[in-house]
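Residue 708 is where the sequence shown starts when you use this note's numbering, and the numbers rise one by one after that.
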Amino acid sequence: MNNIQSYIKEHKDRFLNELVELLKIPSVSADSAYKNDVLKTAEVIKTSLEKAGCDSVEICKTNGYPIVYGEKIINKSLPTVLVYGHYDVQPADPIELWDSPPYEPVIKKTDKHPEGAIFARGACDDKGQMYMHVKAMEFMTSTNQLPCNVKFMIEGEEEVGSANLATFVKNNQEKLKNDVILISDTGMIANDVPSITTGLRGLSYVEVEVTGPNRDLHSGLYGGAVANPINILTKMIASLHDENNHITIPGFYDNVEKLSKEERAEMAKAPFNLEHYKNALDIDAVYGEAGYTTNERNSIRPTLDVNGIWGGYIGEGAKTVIASKAYAKISMRLVPNQDWENITKLFKTHFEKIASKGIKVKVTPHHGGQGYVTPINSIGYQAASKAYQDTFGKTPIPQRSGGSIPIVALFEQELKSKTILMGFGLDSDAIHSPNEHFGIWNYLKGIETIPFFYKYFTELSKK
Ligand code: BES
Ligand code: MN
Ligand code: MN
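As structure tokens, this is what we get:
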């Protein structure tokens, strides 16, 4: 790629300012109070794609938030890259834990980002990473170096399960036809240890409700004589793991992919420092399934976690009460071959079965999705690997991530193409947490690396 570095140097301030403006709009898809902001963000993305050189850009209506679609087809006989990203963000709460307001971006230096990082909700997940693609496109079109066709599909409902995107994809197979899908919505190991994500976990998310007596009771008059839903719920939840931290739901592990010794040895080569890991989280020990390392526990193994639990009296002081109901939100991260709908069923059956007498249990499934693994011998992976070699000076390490982007498995199923996950964030960037940020170095490195992917993908496709 001719003069990408000088282009970035020349336009760096504008690239940053444009991202800052985008981050000022609170596009929280989960909370309808932000509806106008989410819609406005779609408009801003549309304009940015037009400016970056897309020939046609449209805002595609759905039953929820719109999908921004743009394309530049230079020659039908050339390969087509489909870029996916999301313009919605997670809610910012608990807002009091932010050091600066989540929608007033500020640049600050950190240990991991000595050149500065932008602090704002969505900085890394996914506005910053998505916008790298828009700026890479701008570079390629304005310097006449776009080597192939490009399609952009940027959605506004990723953080709430992408239900309407699934329908859009199913109904627009021809429009979305591509040779590879490119996504920057994951992370890498460290700025001096580039990695490419080769796997994502699936997800099953459920909510449970346990009901005891028909009303809240005096805990002295009735305590000990009726089932207390909170006592029972916590007991039921505790029983979902055994003493080795294996999940006890019958059939849960049936289809779990087993990695060979060699594959595990290969994985273990990725640099990881347990002391740094513990220090960063201020914990004195790690915890998890017996027989697996920390990196295995958070990538190739399925998990079950309570995300929230409530019920009874939580106000000031003490109230002596046995609540009528108790609730929990539970997520299960799944690995390839585990079917999320089947796991949801297994959970429901088991949870209803272990219910004690004297209570009723209701299990309500939320969203879910399949996991994903991508081979490293594909043209797409090889093109990405070569791109990183050029811009990082190192061969990237393939790494399976613990996070989920459920739509990726659907892309493969419906569009029959592989996804390449070129993520430039760091685990310490605090996505979904207070003080989310994205390194300026990472942002610019992404913009620099992406055009090389296009170049190598086009070249390798010709062979
Ligand atoms: N970008 C993340 C997923 C991610 C982050 C994958 C880092 C790998 C590394 C995405 O926006 C996300 O938050 N996904 C959700 C699932 C979704 C259905 C709400 C998740 O993983 O919890
Ligand atoms: Mn994301
Ligand atoms: Mn997210």
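In this text, a Cβ means the ideal position worked out from N, Cα and C, and glycines have one as well.
Under a Cβ-count criterion, where at least 16 other Cβ atoms within 10 Å of its own Cβ denotes burial, should Arg721 be classed as buried or exposed?
exposed
Counting along the chain, where does the alpha helix (DSSP H) carrying Tyr971 start and finish?
A quick correction: the sequence has Arg, not Tyr, at residue 971. It spans Lys968 to Met974 - the alpha helix (DSSP H) in which Arg971 sits, taken as one unbroken run.
Quick one: does the C-beta of Pro1113 sit closer than 6 Å to a heavy atom of ligand 1?
yes
Opposing strand residues paired with Gly1146 [DSSP bridges]:
Ala824
Under the three-state DSSP convention, the category Phe1074 falls into:
With the sequence shown as reference, residue 1074 is identified as His, and Phe is not the correct amino acid for it. In this structure, His1074 counts as strand in the three-state DSSP scheme.
With distance defined between alpha-carbon atoms, name the residue in Leu804, Leu988 and Gln1045 nearest to Gln1077.
Out of Leu804, Leu988 and Gln1045, Gln1045 has the C-alpha closest to the C-alpha of Gln1077.
Under a Cβ-count criterion, where at least 16 other Cβ atoms within 10 Å of its own Cβ denotes burial, should Gly1015 be classed as buried or exposed?
exposed
By the three-class DSSP mapping on this structure, what secondary structure does Pro1105 have?
Strand.
Are Met1039 and Ser849 touching if we call contact CB-CB under 7 Å?
no
Separation of Glu1155 from Phe1099, as counted between CA atoms:
10 Å
Give me the Cα-Cα distance between Ala997 and His953, rounded to the nearest whole angstrom.
8 Å
Test item: CB-CB of Met839 and Ser891 under 7 Å
Yes, the pair counts as a contact, with Cβ atoms nearer than the cut-off.
Give me the Cα-Cα distance between Lys858 and Lys1067, rounded to the nearest whole angstrom.
Taking the straight line from one Cα to the other gives about 50 Å.
Measure the alpha-carbon distance for Phe826 versus Gly919 and round it to whole angstroms.
45 Å
Cβ-heavy atom distance between Thr905 and ligand 1 below 6 Å?
no
Who sits around ligand 2, taking every residue whose Cβ is closer than 5 Å to one of its heavy atoms?
Asp832, Asp833 and Asp892
Coil, strand or helix - Ser1038 by DSSP:
strand
Using 6 Å as the cut-off, classify the Cβ of Glu866 as near or not near the heavy atoms of ligand 3, replying yes or no.
yes
Residue interval of the alpha helix (DSSP H) (run including Ile983):
Note that residue 983 is His in the sequence shown here, rather than Ile. Taken as a continuous stretch (DSSP letters only), the alpha helix (DSSP H) holding His983 covers Leu981 to Leu988.
Just the C-alpha distance for Met847 and Trp1047, rounded to the nearest angstrom, thanks.
40 Å
Going by the DSSP bridge assignment, what does Tyr1079 pair with across the sheet?
Tyr1079 is bridged by DSSP to Leu907.
Would you say Gly777 and Cys761 are within 7 Å of each other, going by their C-beta atoms?
yes
For Phe1131, name the three-state secondary structure that DSSP assigns.
coil
Please state whether DSSP places Glu1048 in a helix, a strand or coil.
helix
If we ignore side chains and look at the alpha-carbon of each, how far apart do Val1139 and Ala799 end up?
According to the sequence shown, residue 1139 is His rather than Val. About 8 Å.
I need the straight-line Cα distance from Glu717 to Met837, nearest angstrom please.
Distance from the CA atom of Glu717 to the CA atom of Met837, rounded to whole angstroms, is 21 Å.
His793, buried or exposed, once every other Cβ within 10 Å from all chains shown has been counted against 16
buried
Does DSSP classify Thr1027 as helix, strand or coil?
coil
One question on the structure: do Thr1027 and Ser869 come within less than 7 Å of each other, judged by their Cβ atoms?
no
Are there any heavy atoms of ligand 1 lying less than 6 Å away from the beta-carbon of Met1108, as far as the coordinates show?
The displayed chain sequence assigns Ser, not Met, to residue 1108. It does: the Cβ of Ser1108 is within 6 Å (strictly closer) of some heavy atom of ligand 1.
Endpoints, the alpha helix (DSSP H) within which Ile715 is located
Ile711 to Leu730
For the pair the segment 799 to 818 and the segment 1133 to 1151, tell me if three or more CB-CB distances fall below 8 Å.
yes
State the start and end residues of the unbroken alpha helix (DSSP H) segment that holds His840.
Lys834 to Ser849
Which one or two residues does DSSP pair with Ala1033 in a beta bridge?
Val917 and Gly1018
Is Gly1015 close to ligand 1? I mean its beta-carbon at under 6 Å from any heavy atom of the ligand.
no
So is the beta-carbon of Gly1153 under 6 Å away from any non-hydrogen atom of ligand 1?
no
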